[in-house]
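A.B. asks: In this note's numbering, the protein residues as written are 3 to 128. Every residue gets a Cβ at the ideal spot worked out from N, C-alpha and C, and that includes glycine. Remember, it's a predicted structure, so these values are computed and weren't measured experimentally.
Structure below.
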């Protein structure tokens with residue numbers, strides 16, 4: 003009875019097989035990248051810059067008086083989020099800029115909230 007077993011591979015043969023496979027894969031990847039348009043490569047994320055109040059206002063936020071009810075509050079909230087996105091507003095400016103759109107009763111509420119803890123601490127809330 004004959005067996006058709008393959009001879010055992012030596013460590014050197016295994017290392018060469020792995021090295022050849024890695025070399026082939028690297029060459030194929032390099033060729034693929036050379037033939038690929040640069041627009042498909044990931045782009046670096048832009049560095050966030052602090053927006054100014056003027057930039058924020060150019061995106062036309064709406065004011066909130068505090069008497070508009072739940073629907074008015076939701077509209078103000080959603081519009082404010084949109085304005086933050088439009089103006090690239092950073093997290094550390096959002097409260098400060100959002101409170102700049104408060105008027106009448108809403109502004110009175112904000113002032114009564116911020117006064118005891120200090121305006122800088124109030125701006126740090128999330």
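Grab me the residues of residue 108's own chain with a C-beta within less than 7 Å of its C-beta, minus the 5 sequence neighbours each way, in chain order.
C.D. replies: Excluding positions up to five away in sequence, the list reads 66, 67, 68.
A.B. asks: Can residue 125 and residue 92 be called in contact, C-beta distance under 9 Å?
C.D. replies: Result no, Cβ atoms of residue 125 and residue 92 do not sit closer than 9 Å.
A.B. asks: If we ignore side chains and look at the alpha-carbon of each, how far apart do residue 36 and residue 26 end up?
C.D. replies: Cα to Cα, residue 36 sits roughly 15 Å from residue 26.
A.B. asks: For residue 106 and residue 76, I'd like the C-alpha separation in whole angstroms.
C.D. replies: Straight-line Cα distance between these residues: approximately 18 Å.
A.B. asks: Looking at the strands, I want to know which residues DSSP matches up with residue 104.
C.D. replies: Its beta-bridge partners are 66.
A.B. asks: State the start and end residues of the unbroken alpha helix (DSSP H) segment that holds residue 71.
C.D. replies: Here the alpha helix (DSSP H) through residue 71 covers 71-88.
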